[in-house]
Structures are given as C-alpha cells and as structure tokens.
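Numbering (this note's numbering), first residue to last: 334 to 949.
Structure first, commentary second.
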Ligand SMILES: [Zn+2]
C-alpha cells in the first residue's frame with residue numbers, strides 16, 4: 334500500500350507540497366451508477382468495439398468509401414510489420430514504469446487482432462495470441478504504477494474478446510486468469526479503498542477506469558460478480574476524471590494529456606454503449622460534449638499543439654474525435670480528424686489507430702462554416718487561441734494562456750504564448766523534460782528550466798520564478814464580431830498576471846493581439862516592480878539583432894520584431910537556452926530573445942510592447 338501512497342503524493346502534489354486543486358470540483362452524482370447490474374445474458378463475443386455487426390459494416394463500407402478503404406489497408410500494412418516484431422518483454426527501464434511494454438502490447442495486439450478480423454488470415458491471430466500469452470505470463474502488470482496495468486488490461490481484454498473464437502480453450506483460460514489476477518484483483522482493492530486515482534480529476538482516472546472496465550467486460554461470463562463490481566466502481570469513479578472538462582471542454586493538463594485521457598474516456602464510453610446500450614449518465618458530464626472544440630482550437634494550422642503544461646508540440650490524432658462526433662452529432666469533428674489523418678499521413682499512427690476504423694464516421698459537415706477564429710476556454714487553466722484562417726497551413730496562429738500553476742502536469746507558464754505563421758512555429762514552448770529527474774513531480778519541479786517561467790514566453794522579474802500557486806484568468810477575449818475593435822484585428826485577449834508575480838509587483842497585465850495580416854502584438858504593463866522585468870521568447874529561428882529590431886529567419890521564412898519600452902537604451906538581447914544542470918534536456922538549436930526593462934523608481938511603470946510581423 335505504501336507505493337500507492339507514493340504515487341498519490343507524486344501526482345497530486347505540485348512543488349511545495351500543495352494539495353491538488355480538486356476541491357469543489359467533484360461533479361454531482363450521475364444517474365444510475367448505483368443500479369448498474371449486468372443483464373442476465375451478456376452479448377456474445379466479440380462484444381467490445383469490433384462486434385460482428387461492426388466488422389460486417391466496415392467490410393461493406395470499404396467498397397464505397399475511399400477514405401476508409403485507405404485507412405484499413407494502412408492498418409493491415411502496420412499489422413504486417415507488427416507480425417515480424419518480437420514479443421513484448423517485461424522491462425521497467427526507469428525502475429518505476431512498465432508503461433512502455435503495456436503500450437507496445439496494446440499497439441501490437443489491437444492491430445494484429447484487427448487485421449485478422451478484416452482478412453481472416455490466421456497468421457495475424459497467431460501473432461496476436463503469442464503476444465497476449467507473453468504478457469499474461471509476466472509476473473505482474475506493475476500495479477504500483479497503475480496506468481501500466483490499465484493499458485495492459487485494455488490490450489489483453491481487447492485481444493481476448495476479438496479473437497475469442499480463434500483462441501483454444503486452454504489458452505483462453507490462461508488469458509482469462511491473467512486478466513483476473515493482474516488487473517481485476519489488483520483493481521478491486523483500489524476501488525474499495527477509494528485510492529487516489531479513483532477520485533482524481535486527471536488522465537489517470539480515465540485510463541485506469543477504462544482499462545479495468547475493458548478487462549472486466551472481456552471476462553464477464555467467467556467472472557460475473559467480480560466483473561460487475563469493477564464496472565460499477567469504474568462508472569462511479571469516472572465522473573471525477575470527467576470533471577476536468579468543466580465547464581467548456583478545456584483540459585488542464587494540456588493537449589498531449591487530452592490525447593491520452595480523452596482517448597481512454599472514449600474507450601470507456603464506447604464499450605459501455607456496446608455492451609449495455611447505456612451511458613449511465615456519463616455523456617452528460619459538463620464540457621465533454623464540446624471538448625472537441627477545445628482540441629481543434631489548441632492545434633495549430635500544421636497540426637502542432639499549443640503545448641502548454643507537460644506537452645510536446647506533436648499533436649495526437651486521437652480517435653476520440655470520431656467517438657465524440659457520433660455521441661454528440663458533431664460531423665465537423667469527423668471531418669476534422671479525417672483531414673488530420675489524411676494530411677499528416679497518420680493512418681497507422683498510435684496504439685489506438687484501429688479505433689479510427691472501428692469508430693469511423695463518414696458524416697459530411699453541411700453547415701459550411703468554420704469554427705470561430707478566436708476561442709477562449711476556461712476551467713482550471715484558462716487558454717485562448719486565435720488564427721487568421723482555418724484550413725490554411727500558412728495561416729497565423731497564436732496560443733495564449735493565463736491558467737493555474739497548480740494544475741496537474743502544469744508549468745509556470747502563465748502569460749506564455751506560441752506563435753506560428755507561414756508554416757513556421759516562431760515562438761515555441763520547449764515542452765516536457767525527463768519525468769525521472771529528482772522531484773520532477775515534487776519539490777524540485779520549479780528548479781527545472783523547462784518547467785519554470787525562465788524558459789517560457791512570458792515575464793521573469795528579478796530572475797525569480799512565478800508564484801507556484803498563482804491562478805490567472807483571461808480577463809477578456811474580443812473578436813472582430815464584438816463592437817469597438819478595429820477592422821484589421823482578428824482578436825485580442827488580456828491576462829491579469831498579477832497573481833503570478835505576487836510580492837514581485839503591484840500589478841502585471843499582458844495583452845495579445847492578432848491582426849488579419851498575421852502580425853502579433855504582445856504588450857505588457859507592470860506597475861511596482863522592485864527589480865528588472867525580463868520579456869522573453871524562445872525560438873528555433875536564426876536571430877539578427879539591430880537594437881530595437883530583430884529579424885528571425887527559419888525554413889526560408891522571416892519575421893520582423895520591433896520593440897518599444899519607456900527607456901531609449903533598452904534593446905533586444907539573446908540569452909542561451911541552456912538549462913542550469915546537465916541532467917536536463919540541453920535545448921540545442923534554441924535561443925531566447927529577451928528585453929530587460931528596468932523601472933526607475935518604486936512605483937514606476939514598466940511598459941514593453943513587441944510587434945512581430947511576417948515578411949513577404
Ligand atoms: Zn511549458
């Protein structure tokens with residue numbers, strides 16, 4: 334039990350030993366979870382996702398649907414490669430996580446079993462069975478880090494169900510016993526004791542509940558009582574995870590963890606629908622119906638994330654978009670994910686790739702209008718994005734955030750922005766560092782360069798970090814549709830950053846504006862700073878400085894930056910992106926463009942304005 338406690342602390346705690354911000358965010362009870370009982374007779378295998386009916390539909394659909402035909406053929410090519418790969422082994426490379434093995438096994442088993450069901454070629458099923466037996470013979474599925482168990486239960490549950498008729502009785506029993514021993518029997522005491530992730534509002538809750546539900550429903554004929562208990566507990570627990578989407582679908586942990594958490598929520602909702610034809614009220618979770626709007630919004634014109642919090646900029650082509658498109662009748666989500674797969678050639682990408690085919694929605698979006706050019710999302714982390722156009726890779730894109738520095742996986746990135754135009758991401762967020770560095774999720778978190786404000790595109794005052802408990806809102810977002818702003822403006826937004834610089838300033842405000850020609854304007858007004866105020870922007874571009882002008886060049890494109898402060902002597906400078914220690918990622922190829930503005934007296938204002946204009 335001690336190890337569960339450790340992970341409770343690790344993931345709930347932000348530096349300084351603070352409690353997670355779940356207080357007051359628990360959803361009200363959802364309907365029917367108390368009465369969840371299994372029907373007298375469960376649907377026959379395969380009952381999870383790829384039912385006989387769905388298999389038949391896909392086979393029919395590919396004769397007329399060019400997109401689905403391409404998708405299925407790419408998945409079969411992926412299975413051809415997977416067939417030749419070696420079996421997954423029990424490895425815990427960092428001394429903590431089996432997760433790499435769990436994910437590999439989920440990817441192999443699902444694509445091999447899918448290819449068998451599509452083609453009838455037994456060599457795929459043989460390979461999937463060998464893979465399942467290999468992981469079932471592991472000594473455990475590493476329940477001390479329960480995500481590993483959750484993903485493994487997903488892998489084996491799916492394989493067992495999809496290949497049920499193919500698997501000989503002896504092996505069936507062996508696999509069923511492993512699901513019970515490694516997953517259900519380790520999951521039940523966690524639910525009974527209400528351990529941390531059963532109550533948490535982050536990706537762990539979604540992944541672990543989905544994995545255990547899939548494992549339980551796969552073996553529900555053989556272990557009806559245990560399976561029923563697990564599913565009942567999972568359905569009761571999931572609303573805690575779904576409370577992260579309140580009130581308008583934004584994800585506090587950033588877009589990469591959306592791809593993780595939301596995809597597993599998709600698995601959970603779909604599997605309940607397949608088996609029970611019931612969502613047990615879960616689809617009513619506040620914000621879930623529009624969380625696809627958030628996801629489309631935080632992904633830029635070239636499918637790069639606005640990567641705040643622990644997130645890289647590579648976007649996840651999550652099949653959840655197909656699931657959401659069907660659950661909430663949103664054909665635009667289906668169109669968006671189809672475009673993504675096609676343009677970025679992502680048909681084979683990711684361990685849940687087969688779910689694009691299984692949840693495929695051919696719906697056309699007849700409404701003919703794009704989403705708004707600027708959108709703001711609230712909740713635990715306030716974020717907004719603006720773009721000059723949808724569906725144009727050269728469009729300008731600005732992501733800008735307020736937020737809460739205590740958010741799970743959060744960085745000290747209040748006020749930070751990313752900027753992209755003409756296909757180049759000029760202002761970047763460096764993203765995550767190595768999770769295994771000491772205190773990454775604990776006391777040392779804010780010592781790390783990539784995690785604190787010194788590497789982010791925001792202010793640093795007197796070399797100090799932001800207030801780790803700050804909560805800053807996007808005070809306003811105004812778009813062209815609102816009265817009172819000029820015709821050439823797409824949108825502007827402001828964040829009151831005062832709390833982020835508590836005890837360092839009296840007030841700090843940042844305004845971000847995007848013009849229709851792709852120009853961005855960032856303006857800061859700081860009052861009462863006791864020490865110099867540093868403006869910073871991290872970039873991969875080459876920088877040519879000329880006093881108050883900087884020309885950035887990358888990939889044959891250019892932007893021109895002009896700065897204004899209250900003092901003539903202040904100018905652009907370049908600062909190294911090297912972190913203070915060798916253990917951290919070294920950020921080669923990056924530099925930080927800075928301006929340091931010094932207040933002349935106790936109550937003096939600091940004003941910094943920077944325009945960034947794409948050059949023709
Ligand atoms: Zn960051």
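All C-beta atoms, glycine included, are put in the ideal place defined by N, C-alpha and C.
Of all the CB atoms in chain D, is at least one closer than 8 angstroms to the CB of residue 687?
-> Of the protein chains in this structure there is only one, and it is not chain D.
Tell me whether residue 746 counts as near ligand 1, meaning its Cβ is closer than 7 angstroms to at least one heavy atom of that ligand.
-> Yes - ligand 1 has a heavy atom lying nearer than 7 angstroms to the Cβ of residue 746.
Length at least 4, wholly inside the stretch 428 to 491: the alpha helix (DSSP H) runs in chain order | DSSP runs (the alpha helix (DSSP H)) wholly in the stretch 428 to 491: 432 to 452 and 455 to 469.
Just how far apart, CA to CA, sit residue 322 and residue 584?
-> With the chain running from 334 to 949 in the structure shown, residue 322 is simply not present.
How would you write the range of the beta strand (DSSP E) that residue 927 sits in, first residue to last?
-> Counting along the chain, the unbroken beta strand (DSSP E) around residue 927 starts and ends at 924 to 930.
Thinking C-beta only, is residue 842 closer than 8 angstroms to residue 794?
-> A distance of 8 angstroms or more separates the beta carbons of residue 794 and residue 842.
Leaving out five residues on either side along the sequence, give the residues of the same chain with a beta carbon under 7 angstroms from the beta carbon of residue 416.
-> Here the set comprises 445, 456, 457 and 460.
Under the three-state reduction of DSSP, which class applies to residue 555: helix, strand or coil?
-> In the structure shown, residue 555 sits in coil (DSSP, three-state: anything other than H, G, I, E or B).
Answer yes or no: do residue 717 and residue 707 have a C-beta to C-beta separation smaller than 8 angstroms?
-> Going by C-beta atoms, residue 717 is nearer than 8 angstroms to residue 707.
Stretch-stretch touch, CB-based, cutoff 8 angstroms, three pairs: the stretch 376 to 385 with the stretch 422 to 440 | Touching, no.
Same chain, Cβ closer than 6 angstroms to residue 826, neighbours up to 5 away in sequence not counted | Cβ neighbours of residue 826 beyond the five flanking positions: 717, 733, 807, 810 and 845.
From this set, 747, 443, 449 and 562, which residue's C-alpha is nearest residue 997's C-alpha?
-> Because the chain spans 334 through 949 in this model, residue 997 falls outside it and cannot be assessed.
Starting from residue 628 and walking both ways along the alpha helix (DSSP H), at which residues does that stretch end?
-> Start and end: 624 to 630.
For residue 621 versus residue 652, is the C-beta spacing smaller than 8 angstroms?
-> No, they are not a contact pair.
Beta carbon of residue 813: closer than 7 angstroms to some heavy atom of ligand 1?
-> Proximity of the beta carbon of residue 813 to ligand 1 is not indicated: no heavy atom of the ligand is located closer than 7 angstroms.
Any non-hydrogen atom of ligand 1 within 7 angstroms of residue 762 CB = Correct: residue 762 has its Cβ closer than 7 angstroms to ligand 1.
Taking only heavy atoms of ligand 1 into account, decide whether any of them is closer than 7 angstroms to the Cβ of residue 789.
-> Relative to the non-hydrogen atoms of ligand 1, the Cβ of residue 789 comes within a distance shorter than 7 angstroms of at least one.
How should residue 736 be labelled, buried or exposed, when 16 other C-beta atoms within 10 angstroms of its C-beta is the threshold for buried?
-> Residue 736 comes out buried.
Rounded distance between the beta-carbons of residue 894 and residue 945, thought under 8 angstroms | Indeed, because the Cβ distance is near 5 angstroms, the residues count as touching under 8 angstroms.
Return the first residue and the last residue of the beta strand (DSSP E) that residue 827 is part of.
-> 822 to 829 is the extent of the beta strand (DSSP E) around residue 827.
In chain order, what residues of the same chain lie with their CB nearer than 6 angstroms to the CB of residue 864, ignoring the 5 residues before and after it?
-> The residues are 794 and 795.
Which stretch, first to last residue, makes up the alpha helix (DSSP H) that contains residue 411?
-> Unbroken alpha helix (DSSP H) run through residue 411: 399 to 417.
Residue 537 versus residue 545: straight-line alpha-carbon distance, rounded = If you draw a straight line from the Cα of residue 537 to the Cα of residue 545, it is about 12 angstroms long.
Cutoff 8 angstroms; reference residue 917; Cβ partners in own chain excluding five residues on either side = Correct list, in chain order: 766, 767, 770, 781, 782 and 783.
Is residue 641 near ligand 1, with its Cβ less than 7 angstroms from a heavy atom?
-> Look at residue 641: its beta carbon is less than 7 angstroms from one of the heavy atoms in ligand 1.
Determine contact between the stretch 638 to 650 and the stretch 602 to 610, defined as no fewer than three beta-carbon pairs at a distance below 8 angstroms.
-> The way I'd put it, the stretch 638 to 650 doesn't touch the stretch 602 to 610; fewer than three beta-carbon pairs between them come closer than 8 angstroms.
So, residue 597 versus residue 539, is the Cβ gap smaller than 8 angstroms?
-> With contacts defined by Cβ atoms closer than 8 angstroms, residue 597 and residue 539 form a contacting pair.
Can you find a heavy atom of ligand 3 that lies under 7 angstroms from the Cβ of residue 808?
-> The model on display carries ligand 1 but not ligand 3.
Alpha helix (DSSP H) segment containing residue 732, residue limits | Looking at the DSSP string, residue 732 is not in any alpha helix (DSSP H); the run it does join, the beta strand (DSSP E), is 730 to 734.
Cutoff 7 angstroms; reference residue 884; Cβ partners in own chain excluding five residues on either side | Non-local beta-carbon contacts of residue 884 in its own chain, meaning distances under 7 angstroms to residues more than five positions away in sequence, involve 877, 891 and 893 in chain order.
For the alpha helix (DSSP H) that residue 668 lies in, which residues bound it at each end?
-> Per DSSP, residue 668 belongs to the alpha helix (DSSP H) from 664 to 676.
Helix, strand or coil at residue 360 [DSSP, three-state] = Because the pLDDT at residue 360 is just 38, under 50, the model does not fix this residue reliably, and the point stays unresolved.
Consult DSSP for residue 594 and reduce its assignment to one of helix, strand or coil.
-> Note: residue 594 maps to helix in three-state DSSP.
Residue 714 classed as buried or exposed, judged by whether at least 16 other C-beta atoms fall within 10 angstroms | Only buried fits residue 714, as 16 or more other CB atoms lie within 10 angstroms of its CB.
Within its chain, find whatever has a CB closer than 6 angstroms to the CB of residue 935; leave out the 5 residues flanking it on each side and keep chain order.
-> Within its own chain, no residue has a Cβ closer than 6 angstroms to the Cβ of residue 935 once the five positions on either side in sequence are excluded.
Within 8 angstroms, strictly: CB atoms of residue 550 and residue 381 | Yes, the pair counts as a contact, with Cβ atoms nearer than the cut-off.
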